[in-house]
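First comes the structure, then the notes that go with it.
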Amino acid sequence: MNDTQITLTGRIGGDVTLREITGGRAVATFRLACTPTRYRDGEWVKGTTSWHTVKAWNRLGRHVAASLANGDPVVVHGRLVADLWERDGKPQTSFEVVASAVGHDLSFGTTVLTPPVPATDSVATPATAPVVTPAVTEAGEVEQPARAA
-18 MNDTQITLTG
-8 RIGGDVTLRE
2 ITGGRAVATF
12 RLACTPTRYR
22 DGEWVKGTTS
32 WHTVKAWNRL
42 GRHVAASLAN
52 GDPVVVHGRL
62 VADLWERDGK
72 PQTSFEVVAS
82 AVGHDLSFGT
92 TVLTPPVPAT
102 DSVATPATAP
112 VVTPAVTEAG
122 EVEQPARAA
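Using my numbering, you'd call the opening residue of the sequence shown number -18 and step up by one each time.
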């Protein structure tokens, strides 16, 4: 299979929507704004913003909907898929990315992964993660919590 793989970095532009569909499947959809920046003549110059539709299916989609919000910087990797149709007898094409991986862009900040807790009985109960309040130094810097090995 010769799928076109693509990796995009940008910011989420709008709400992430999650649709539950038949058979227990789910799809999260969001728009991604990608604006290239270049350093020219001693200053940063922004290029033209391109907008992309991203879809994430099933478990990834549920995690995306629970984790990301409007304005979040993200990295998306997935398949570039063309949608072809006709309007008024003229062929039309649009592209979307079917994501295989989505995450926060850590060049803009930090994040903490919270793995899902598997259900142990027939009735799933929501998992509660401990709330960690970061320590702040006298200089006003946030100390990062130590990570378990």
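Virtual Cβ for every residue (Gly too), placed ideally from N, Cα, C.
Out of curiosity, what's the CA-to-CA distance linking residue i and residue j?
{"i": "Glu1", "j": "Asn39", "result": "9 angstroms"}
{"i": "Thr10", "j": "Ala50", "result": "12 angstroms"}
{"i": "Thr95", "j": "Val78", "result": "25 angstroms"}
{"i": "Ile(-13)", "j": "Ala37", "result": "14 angstroms"}
{"i": "Val83", "j": "Gly90", "result": "16 angstroms"}
{"i": "Ala105", "j": "Gly5", "result": "Legend: pLDDT at Ala105 = 48, less than 50; position of this residue unreliable, value from coordinates given subsequently. Each residue's Cα considered, the two are about 15 angstroms apart."}
{"i": "Ser88", "j": "Arg68", "result": "42 angstroms"}
{"i": "Thr(-15)", "j": "Tyr20", "result": "29 angstroms"}
{"i": "Val8", "j": "Phe76", "result": "17 angstroms"}
Run through DSSP, which three-state label would residue i get?
{"i": "Ala7", "result": "strand"}
{"i": "Thr91", "result": "coil"}
{"i": "Val98", "result": "coil"}
{"i": "Val79", "result": "strand"}
{"i": "Gly70", "result": "coil"}
{"i": "Gly(-6)", "result": "coil"}
{"i": "Ala105", "result": "With a pLDDT of 48 at Ala105, under the threshold of 50, the modelled position of that residue is not reliable, and no figure is offered here."}
{"i": "Asn(-17)", "result": "coil"}
Let me confirm a value: residue i is counted as buried when at least 16 other C-beta atoms fall within 10 Å, else exposed. Which label applies?
{"i": "Val98", "result": "exposed"}
{"i": "Gly42", "result": "buried"}
{"i": "Val35", "result": "buried"}
{"i": "Leu138", "result": "Since the first and last residues shown for the chain are -18 and 130, residue 138 lies out of range."}
{"i": "Leu47", "result": "One point to set straight first is that residue 47 is Ala, not Leu, in the sequence displayed. Ala47 should be labelled exposed."}
{"i": "Ala63", "result": "exposed"}
{"i": "Val93", "result": "exposed"}
{"i": "Val26", "result": "exposed"}
{"i": "Gly28", "result": "exposed"}
{"i": "Gly23", "result": "exposed"}
{"i": "Gly70", "result": "exposed"}
Please state whether the Cβ-Cβ distance between residue i and residue j is less than 8 angstroms.
{"i": "Val45", "j": "Leu13", "result": "no"}
{"i": "Thr74", "j": "Leu61", "result": "no"}
{"i": "Cys15", "j": "Thr(-2)", "result": "no"}
{"i": "His131", "j": "Asp53", "result": "Since the first residue shown for the chain is -18 and the last is 130, residue 131 is missing from the structure and cannot be characterised."}
Checklist entry - Fully enclosed by the stretch 7 to 65, which beta strand (DSSP E) runs are 3 residues long or longer? => result 18 to 21, 24 to 27 and 31 to 38
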